[in-house]
Structure formats: structure tokens, C-alpha cells
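2 protein chains.
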Amino acid sequence: MLRYGVIGTGAIGGYYGAKLAHSGQEVHFLLHKDYEYVKKNGLQVDSCDGSFHLSDVNAYSSTQDMPTCDVVFVCLKSVNNHLLAELLPPLLHQDTLVVLIQNGIGLEADVQKMFPRLELAAGLAFICSAKTEPGHINHQCYGYINIGNYSCHNEELMNQLIRDFKKANVDANLVEYHEARWKKAVWNMPFNGMTVALNTRTDLLLKNPSTFKLIKEQMLEVIHTAQQMGVNIPMSFADKMIQNTLDMTPYSPSMKLDYDYHRPMEIYYLYTRPLEEARKHGLQMPKLEMLEAELQFLEAQQNA
Amino acid sequence: MLRYGVIGTGAIGGYYGAKLAHSGQEVHFLLHKDYEYVKKNGLQVDSCDGSFHLSDVNAYSSTQDMPTCDVVFVCLKSVNNHLLAELLPPLLHQDTLVVLIQNGIGLEADVQKMFPRLELAAGLAFICSAKTEPGHINHQCYGYINIGNYSCHNEELMNQLIRDFKKANVDANLVEYHEARWKKAVWNMPFNGMTVALNTRTDLLLKNPSTFKLIKEQMLEVIHTAQQMGVNIPMSFADKMIQNTLDMTPYSPSMKLDYDYHRPMEIYYLYTRPLEEARKHGLQMPKLEMLEAELQFLEAQQNA
Numbered sequence: 110m111l112r113y114g115v116i117g118t119g120a121i122g123g124y125y126g127a128k129l130a131h132s133g134q135e136v137h138f139l140l141h142k143d144y145e146y147v148k149k150n151g152l153q154v155d156s157c158d159g160s161f162h163l164s165d166v167n168a169y170s171s172t173q174d175m176p177t178c179d180v181v182f183v184c185l186k187s188v189n190n191h192l193l194a195e196l197l198p199p200l201l202h203q204d205t206l207v208v209l210i211q212n213g214i215g216l217e218a219d220v221q222k223m224f225p226r227l228e229l230a231a232g233l234a235f236i237c238s239a240k241t242e243p244g245h246i247n248h249q250c251y252g253y254i255n256i257g258n259y260s261c262h263n264e265e266l267m268n269q270l271i272r273d274f275k276k277a278n279v280d281a282n283l284v285e286y287h288e289a290r291w292k293k294a295v296w297n298m299p300f301n302g303m304t305v306a307l308n309t310r311t312d313l314l315l316k317n318p319s320t321f322k323l324i325k326e327q328m329l330e331v332i333h334t335a336q337q338m339g340v341n342i343p344m345s346f347a348d349k350m351i352q353n354t355l356d357m358t359p360y361s362p363s364m365k366l367d368y369d370y371h372r373p374m375e376i377y378y379l380y381t382r383p384l385e386e387a388r389k390h391g392l393q394m395p396k397l398e399m400l401e402a403e404l405q406f407l408e409a410q411q412n413a
Numbered sequence: 110m111l112r113y114g115v116i117g118t119g120a121i122g123g124y125y126g127a128k129l130a131h132s133g134q135e136v137h138f139l140l141h142k143d144y145e146y147v148k149k150n151g152l153q154v155d156s157c158d159g160s161f162h163l164s165d166v167n168a169y170s171s172t173q174d175m176p177t178c179d180v181v182f183v184c185l186k187s188v189n190n191h192l193l194a195e196l197l198p199p200l201l202h203q204d205t206l207v208v209l210i211q212n213g214i215g216l217e218a219d220v221q222k223m224f225p226r227l228e229l230a231a232g233l234a235f236i237c238s239a240k241t242e243p244g245h246i247n248h249q250c251y252g253y254i255n256i257g258n259y260s261c262h263n264e265e266l267m268n269q270l271i272r273d274f275k276k277a278n279v280d281a282n283l284v285e286y287h288e289a290r291w292k293k294a295v296w297n298m299p300f301n302g303m304t305v306a307l308n309t310r311t312d313l314l315l316k317n318p319s320t321f322k323l324i325k326e327q328m329l330e331v332i333h334t335a336q337q338m339g340v341n342i343p344m345s346f347a348d349k350m351i352q353n354t355l356d357m358t359p360y361s362p363s364m365k366l367d368y369d370y371h372r373p374m375e376i377y378y379l380y381t382r383p384l385e386e387a388r389k390h391g392l393q394m395p396k397l398e399m400l401e402a403e404l405q406f407l408e409a410q411q412n413a
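From first to last, the protein sequence lines are chains E and X.
Heads up: the first sequence begins at 110 in my numbering, then just goes up one per residue.
Heads up: the second sequence begins at 110 in my numbering, then just goes up one per residue.
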């Protein structure tokens with residue numbers, strides 16, 4: 110049996126960690142503000158797939174107190190990834206797999222630079238979930254997770270992870286790393302930023318013909334860049350993402366919530382980094398470049 | 110002596126018309142909401158160049174009551190230009206010159222379609238002016254006007270207009286039509302829209318390094334398009350416009366005021382039309398295209 114660690118017990122890490130723990134896996138949770146509450150009261154998951162409560166949670170306020178783990182989920186906001194240099198080492202043994210369940214492009218490359226021999230994978234979570242109160246996770250819909258191998262040599266460990274997720278009723282699949290990260294960017298880059306820039310929701314952006322067209326053009330910028338980098342995403346993937354979004358209930362992406370609650374936005378890994386990657390290949394994504402600038406302006410104004 | 114008509118007695122038409130009248134010219138003003146007030150109380154111009162009052166104003170509430178004029182200034186918001194089909198005819202004699210003192214690209218072409226034999230010119234006003242109360246115009250700074258001949262065969266009339274302006278202490282000059290319209294667009298297209306899209310001011314857009322860069326890129330999109338259409342604007346004109354703006358006091362462009370006061374924005378002639386002209390020449394202005402979409406979304410939301 111694998112030992113799991115969760116760094117960042119919020120809407121995402123709290124959900125997937127609790128699902129595994131609820132299915133009988135050993136899971137250790139790092140908490141920050143909610144530590145005292147969860148230590149005492151446990152974790153409550155209100156879920157469209159069936160709610161449950163974990164009363165006895167392995168909760169920690171410091172990774173120094175945690176055991177080494179076989180699989181560690183990193184579910185921090187990516188603006189805090191510099192903290193991993195200190196947070197991760199106590200959890201690592203020789204073969205620990207670290208799964209970055211975070212949004213953006215370039216995350217694994219940067220963590221790999223900090224820990225050159227670390228086994229790394231990407232976790233792409235397709236889920237509508239929010240932490241509504243301390244120790245309370247509200248899982249509204251979806252919930253599947255794709256895992257893309259970045260630098261893990263232990264195929265059996267990857268397979269075991271998938272099996273454990275499935276046993277916990279989480280739909281999990283192994284996918285090609287670059288394809289998975291860029292496919293997620295096709296949705297993330299237009300919708301996260303545009304809901305902030307225009308202070309609106311995904312459904313309203315698609316209802317207006319001008320922003321419908323703009324969102325699609327931004328998606329095609331991402332797909333075109335990915336294709337030029339050798340990543341296999343068809344142009345028609347944009348229509349598919351738009352249709353999926355039309356089928357969703359109106360939704361505020363994580364960046365919109367971050368902005369509304371005056372938290373730092375993940376501009377770097379969601380925009381700056383993929384734009385840099387594109388430029389390295391001689392490519393431009395002009396409309397997403399403009400969106401990056403607008404977001405940087407709005408964040409600076411909020412902090413002014 | 111020429112007889113002048115002003116259609117749209119607001120911040121612009123009110124200022125230039127009042128300056129001419131104050132210098133002794135015969136000027137006839139069309140007013141809408143302010144008609145009763147101005148008929149009774151006259152026009153007050155509070156100006157950085159010296160304030161003055163016109164007590165006896167030729168004010169009209171309908172062009173049907175106005176005499177034919179030698180020169181007519183059209184100072185409506187361009188969203189109302191369809192009204193010119195009815196407003197203009199009573200003012201026209203065989204040789205009337207109509208000067209469109211409005212922002213945007215394609216204005217003269219569209220009015221020429223309505224009146225194929227009309228003598229037309231563009232008026233490019235470089236002025237910070239606002240109508241603060243009925244019959245009160247507040248002229249904060251600048252004030253010069255460039256006149257670009259679009260289809261006027263009467264060179265002497267153009268020269269007379271310039272002389273009359275100069276006699277009225279308005280710095281006026283004849284300029285090449287296309288160059289003048291596109292040079293104005295270099296400033297107008299970035300700043301009008303971006304102050305609305307980011308709910309901010311010109312100075313703050315230039316203070317932030319991300320939006321400084323974006324504004325400059327948008328300016329270069331306009332210049333590049335103009336160049337490809339054979340209009341002579343050097344790339345360095347962007348730096349000049351940025352420097353001018355840095356030297357200005359913080360300023361809300363007309364579109365920002367329109368949006369803030371829930372008036373229709375001049376999206377069509379400021380964005381849609383120049384973007385169409387660019388596409389006709391096989392050119393893209395992707396960042397201004399995105400700005401157009403954002404403005405269309407914001408206007409639709411405001412009217413929702």
C-alpha cells in the first residue's frame with residue numbers, strides 16, 4: 110500500500126486526498142490556516158457524487174512533522190511554488206513521485222530544476238470544487254484527473270496511483286504529458302483571464318458573439334502554438350472546449366475567484382510562461398499577450 | 110464673410126463655434142437638450158486661453174429653421190451620423206463645405222455616400238474640453254485643429270476657414286487627409302478603449318510597464334496598417350504620442366466618459382471600421398481586434 114501526502118489541502122488537494130483516505134488509503138495532509146480546525150473536526154466533503162466526513166485526519170502544520178511518502182500531491186497555488194524548496198524535502202524518499210496538480214505551463218520544468226533527481230508527474234484536475242469554510246470542501250461537479258508522466262521512471266508506481274484513484278471512485282487516466290498540459294491551457298488561458306478582465310462568467314462570455322469569437326481565437330492561438338511545438342491537438346479541440354463550457358453550469362474559474370478575493374493570480378504559469386515558450390519557438394499569441402498585460406495591470410491596481 | 114453652422118453644440122462644436130462667433134463670425138448653432146437654456150442665457154466658455162461669454166447666440170432646435178451655411182461643422186457623436194441624412198440638407202447650398210470634427214476612420218466615406226456631391230473635410234481636434242453644464246463649456250488645454258481635405262474642390266474656401274480660425278485665436282492648419290485621420294487613430298485606438306476596458310486613466314496605463322508595452326504595441330499595429338495603406342506615418346510616431354500623453358495631465362478620453370455616463374460608445378468608427386479597412390488590405394491588428402471585442406461585450410453588459 111502506498112503512503113500519500115497532500116501539500117495544500119484546499120478545494121483540489123482536500124478533495125482528492127479525502128477521496129483516497131475515505132477509500133482506505135493512508136493520506137497525510139499539510140494544512141495552513143485550517144490546521145487546528147481539521148485536526149479537531151476532520152474534513153467534510155459535500156459532493157455531487159455523495160458527501161462524506163473524515164473524522165480522523167492525519168493533519169500537519171509543517172512538513173517537518175510528516176513521514177516520507179510514496180506519492181505527494183502538490184496542490185498549492187503556483188504563485189507559492191518557491192516554497193517547495195523547503196516544503197518538499199521532508200516528504201521525499203529515494204523514489205517518491207511528486208504530482209503537481211496545478212494549472213499552467215512549465216511547472217514541472219521549474220520544480221525539476223529545484224530537485225534534479227525528483228520523479229515528477231502532472232495532475233490535470235477536471236473538477237468544479239471550492240473550499241467554502243475551514244475543513245469544508247464543496248465538490249459541485251466533474252472530478253476526473255489526468256496524470257501525465259514528466260520524469261517518473263517507475264511505471265508500476267504510476268499504474269498503482271491510477272488504480273488507487275479508481276478504487277476511490279475517482280476517474281483517473283494516464284495521458285501524454287505535453288498534450289495534457291497544453292490541452293488544459295486551451296481552456297485555461299482564455300477563460301481564466303477573460304472572466305477577470307471583463308469581470309464576468311464563462312457563460313456570458315460565450316453568449317456574446319464578440320467575446321465568443323475572441324475566446325475561440327485565443328483557444329486557436331494556444332492550439333497553434335502547441336502544434337508548432339509538436340504537441341498533437343487538432344484545431345477542432347477549440348469547438349469541443351467551447352461546447353463543454355456551454356454544457357457547464359455558469360462557472361467562475363480559479364483566477365476569477367483569486368482576483369475577487371484579492372489573492373495573487375497565477376499569471377506567471379498561466380500566461381507569462383506559455384507566452385515565453387511560444388516566443389522560444391518564434392511564435393506569437395497576440396491576444397493572450399494582451400490578456401497577460403491586462404491581468405498584470407489589474408493585479409498591480411489591486412495592490413496599489 | 111462666411112456663414113458657419115454647428116451641428117452638435119457640445120464640448121467640441123460649442124468650443125470652436127463659440128471661438129469663431131466671439132471673433133465676429135456669423136455662427137448658427139444647433140442644440141438639443143440645451144436649446145432653451147442657451148437661447149435664454151447664451152454660451153459660457155471657461156478656457157485656459159481666456160474665458161468669455163456669448164450672450165446673443167443664434168440657437169436652433171431644428172436645422173429646418175437654420176439658414177444655409179458656407180461651412181458646417183458636424184460635431185455629433187459618430188453613433189448618431191445616420192441622423193445627418195435629415196439634419197444636413199436644410200444647411201446646404203451648392204458649395205457648402207461640411208467638416209466632420211469626429212473621431213474615427215471611414216466617416217467621410219460614409220457621409221459622402223449619403224450626399225455624393227457634398228464638399229467634405231475632416232476636422233481633427235486636439236483639445237481637452239468638456240461640457241460641464243447646459244451651455245457651459247470647460248476648455249482645459251490644447252485646442253488646435255487640423256483640417257484634412259476629403260472632397261472639397263474649393264481651395265479658397267478651405268484657406269478662408271483656416272484664416273477665420275486663426276483670427277479667432279484657434280491654431281488651425283491644413284493637413285493631408287489620410288495621414289491626419291490615421292495619426293489621430295494612433296492615439297485614439299489604444300487609449301479610448303483601454304481606459305474603458307481597464308477602467309482607468311491614460312497616465313496609469315503608461316505608468317504600468319505591462320500596459321505601457323501593450324499601448325505601444327497597439328499604436329504600432331495602427332501605424333503598420335496605415336503604412337501598408339500608403340499613409341506616411343513613421344514608426345517613431347508611437348514614441349512621440351506616448352511622450353505627449355506623459356506630458357498631459359491625467360485624462361479621460363471621450364469613450365471613457367461615454368461609458369461612465371452610460372452613453373453609447375463610438376466603437377464602430379474607432380475600431381470596427383479601421384479593422385475592416387485593415388482586413389481589406391489583408392492586414393490584422395490582433396490586439397485592437399481584441400479590444401473591440403471587449404468593448405462590444407462591456408457595452409452589451411451595460412445595456413443588459
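We put the beta carbon where it would ideally sit given N, CA and C, even for glycine.
* Segments of 3+ residues assigned as beta strand (DSSP E) that fall wholly inside the segment 120-149 of chain E -> 135-139
* To do: Since I believe glycine 133(E) is in contact with cysteine 178(E) (beta carbons under 8 Å), could you give me their beta-carbon distance rounded to a whole number of angstroms?
  => Your numbering for residue 178(E) matches position 69 in the first sequence. Your numbering for residue 133(E) matches position 24 in the first sequence. So it is not a contact: roughly 16 Å between Cβ atoms.
* **According to DSSP, residues forming a beta bridge with serine 171(E)** => Here residue 171(E) refers to the residue found at position 62 of the first sequence. DSSP, once it has assigned bridges, lists no residue as partnering serine 171(E).
* Identify whether glutamine 203(E) lies in helix, strand or coil by the three-state DSSP scheme. => In the first sequence, the residue the question calls residue 203(E) occupies position 94. The answer is strand: DSSP assigns glutamine 203(E) an E or B state.
* Nearest-angstrom Cβ-Cβ length linking glutamate 145(E) and methionine 110(E), presumed shorter than 8 Å -> Looking up residue 145(E) in the first sequence gives position 36. Looking up residue 110(E) in the first sequence gives position 1. Not quite, the Cβ-Cβ distance comes to about 29 Å (not below 8 Å), so this is no contact.
* Among Cys250(E), Asn167(E) and Lys292(E), the one whose alpha carbon lies nearest that of methionine 344(E) -> Position 235 of the first sequence, counted from the start, is the residue given in the question as residue 344(E). Taking only the C-alpha atoms, the option nearest methionine 344(E) is Lys292(E).
* To do: Look up glutamine 337(X) in the DSSP assignment and say whether it is helix, strand or coil.
  => Within the second sequence, the letter at position 228 stands for residue 337(X). Correct three-state label for glutamine 337(X): helix.
* For serine 238(E), does the three-state DSSP call read helix, strand or coil? -> For this step, residue 238(E) is matched to residue 129 along the first sequence. Serine 238(E) falls in the strand class under three-state DSSP.
* Asked: My guess is that glycine 302(E) and valine 147(E) are in contact by the Cβ rule of under 8 Å, so how many angstroms apart are they, rounded?
  -> Locating residue 302(E) in the first sequence gives position 193, where the first residue counts as 1. Locating residue 147(E) in the first sequence gives position 38, where the first residue counts as 1. Not really, about 32 Å apart at Cβ, beyond 8 Å.
* Asked: Would lysine 365(E) count as contacting chain X if we go by Cβ distances under 8 Å?
  -> Reading the first sequence from its first residue, position 256 is the one you call residue 365(E). It does not: the Cβ of lysine 365(E) has no partner Cβ on chain X nearer than 8 Å.
* Asked: Quick one: does methionine 415(E) have its CB under 8 Å from some CB of chain X?
  -> The structure shown does not extend to residue 415(E), since chain E spans only 110 to 413, so no value can be given for it.
* Asked: Which partner residues of tyrosine 370(X) appear in the DSSP bridge assignment?
  -> As a first step, residue 370(X) must be located in the second sequence, where it is residue number 261. None, per the DSSP bridge assignment.
* **threonine 320(E) vs phenylalanine 138(X) beta-carbon contact at 8 Å** => The sequence position of residue 320(E) within the first sequence is 211, counting from 1. The sequence position of residue 138(X) within the second sequence is 29, counting from 1. No.
* **Three-pair Cβ contact test at 8 Å for the segment 390-407 of chain E versus the segment 206-222 of chain E** => no
* Put aspartate 179(X) into one of helix, strand or coil per three-state DSSP. => Sequence index remark: in the second sequence, residue 179(X) carries index 70 (1-based). Of the three classes helix, strand and coil, the one that applies to aspartate 179(X) here is strand, per DSSP.
* Asked: Can you tell me whether DSSP reads serine 260(E) as helix, strand or coil?
  -> Translated into positions along the first sequence, residue 260(E) becomes position 151. Serine 260(E) falls in the coil class under three-state DSSP.
* Asked: By DSSP, does serine 361(X) sit in helix, in strand, or in coil?
  -> Locating residue 361(X) in the second sequence gives position 252, where the first residue counts as 1. Of the three classes helix, strand and coil, the one that applies to serine 361(X) here is coil, per DSSP.
* Go ahead and label glutamine 203(E) buried or exposed: buried means 16 or more other beta carbons lie within 10 angstroms of its beta carbon, across all protein chains shown. => Translated into the one-based positions of the first sequence, residue 203(E) becomes position 94. Burial call: exposed.
* To do: Please determine if the segment 230-246 of chain X and the segment 117-125 of chain X are in contact, where contact requires at least 3 C-beta pairs separated by less than 8 Å.
  => yes
* From what residue to what residue does the beta strand (DSSP E) around arginine 112(X) run? -> Start at 1 with the first residue of the second sequence, and residue 112(X) comes out as number 3. Element bounds for arginine 112(X): 112-116.
* Any 3 or more C-beta pairs closer than 8 Å across the segment 317-337 of chain X and the segment 378-390 of chain X -> yes
* To do: Tell me, please, whether the segment 163-179 of chain E touches the segment 299-315 of chain E by the rule of three or more beta-carbon pairs shorter than 8 Å.
  => no
* To do: Please work out which residues of its chain come closer than 8 Å, Cβ to Cβ, to threonine 304(X), disregarding the five sequence neighbours upstream and downstream, and give them in chain order.
  => Here the question's residue 304(X) lines up with position 195 in the second sequence. So the list reads Arg310, Thr311, Leu314, Ser361, Pro362, Met364 and Lys365, once near-sequence residues are dropped.
* For chain E, is any of its Cβ atoms less than 8 Å away from the one on leucine 407(X)? -> The sequence position of residue 407(X) within the second sequence is 298, counting from 1. Closer than 8 Å to some Cβ of chain E, the Cβ of leucine 407(X) qualifies, so yes.
* Evaluate histidine 371(X) with the Cβ neighbour count: other Cβ atoms within 10 Å of its Cβ, from every protein chain shown; 16 or more gives buried, anything less gives exposed. => Here the question's residue 371(X) lines up with position 262 in the second sequence. With fewer than 16 Cβ atoms within 10 Å of its Cβ, histidine 371(X) is classed as exposed.
* Asked: Tell me which same chain residues have a C-beta within less than 8 Å of the C-beta of histidine 162(X), skipping the five on either side of it?
  -> Here residue 162(X) refers to the residue found at position 53 of the second sequence. Answer for histidine 162(X): Gly151, Leu152, Gln153 and Val154, listed in chain order.
* I think glycine 252(E) touches alanine 231(E), with their Cβ atoms under 8 Å apart; what is that distance to the nearest whole Å? -> As a position in the first sequence, residue 252(E) is number 143, starting the count at 1. As a position in the first sequence, residue 231(E) is number 122, starting the count at 1. At roughly 17 Å, the Cβ-Cβ gap does not stay under 8 Å, so glycine 252(E) and alanine 231(E) are not in contact.
* Going by other Cβ atoms of all chains shown within 10 Å of its Cβ, with 16 needed for buried, is leucine 323(X) buried or exposed? -> The count along the second sequence starts at 1 and reaches residue 323(X) at position 214. Looking at its Cβ environment, which holds 16 or more other Cβ atoms inside 10 Å, leucine 323(X) is buried.
* Neighbour flag for serine 319(X) against chain E, beta carbons, 8 Å -> Residue 319(X) sits at position 210 when you count from the first residue of the second sequence. Taking Cβ atoms only, chain E reaches closer than 8 Å to serine 319(X), which makes this a yes.
* Asked: Is isoleucine 88(X) near valine 295(X), with beta carbons less than 8 Å apart?
  -> The question about residue 88(X) has no answer here: the residues shown for chain X are numbered 110 through 413.
* Asked: What residues from chain X crowd round lysine 396(E), counting only those whose CB sits closer than 8 Å?
  -> Taking the first residue of the first sequence as 1, we reach residue 396(E) at position 287. Under the 8 Å cutoff, chain X gives Pro395, Lys396, Glu398 and Met399.
* Please check if any C-beta of chain E sits within less than 8 Å of the C-beta of glutamate 385(X). => Within the second sequence, residue 385(X) is the residue found at index 276, counting from 1. Not one chain E Cβ lies under 8 Å of glutamate 385(X).
* To do: Determine the burial state of methionine 223(E): buried for a count of at least 16 other Cβ atoms within 10 Å of its Cβ, exposed for fewer.
  => Residue mapping note: residue 223(E) aligns to position 114 of the first sequence, counting from 1. Classification for methionine 223(E): exposed.
* **Partners in chain A for leucine 323(X), counting only beta-carbon separations shorter than 7 Å** => Here chain A cannot be found, since the structure's protein chains are E and X.
* **With 16 other Cβ atoms within 10 Å as the buried cut-off, status of arginine 382(X)** => The residue given as residue 382(X) occupies position 273 in the second sequence. With 16 or more other Cβ atoms within 10 Å, it is buried.
* Asked: By Cβ distance below 7 Å, which residues in the same chain neighbour lysine 325(X) in space, the five residues on each side in sequence not counted?
  -> Residue numbering aside, residue 325(X) sits at position 216 when the second sequence is read from its first letter. Result list for lysine 325(X): Ala347 and Ile351, in chain order.
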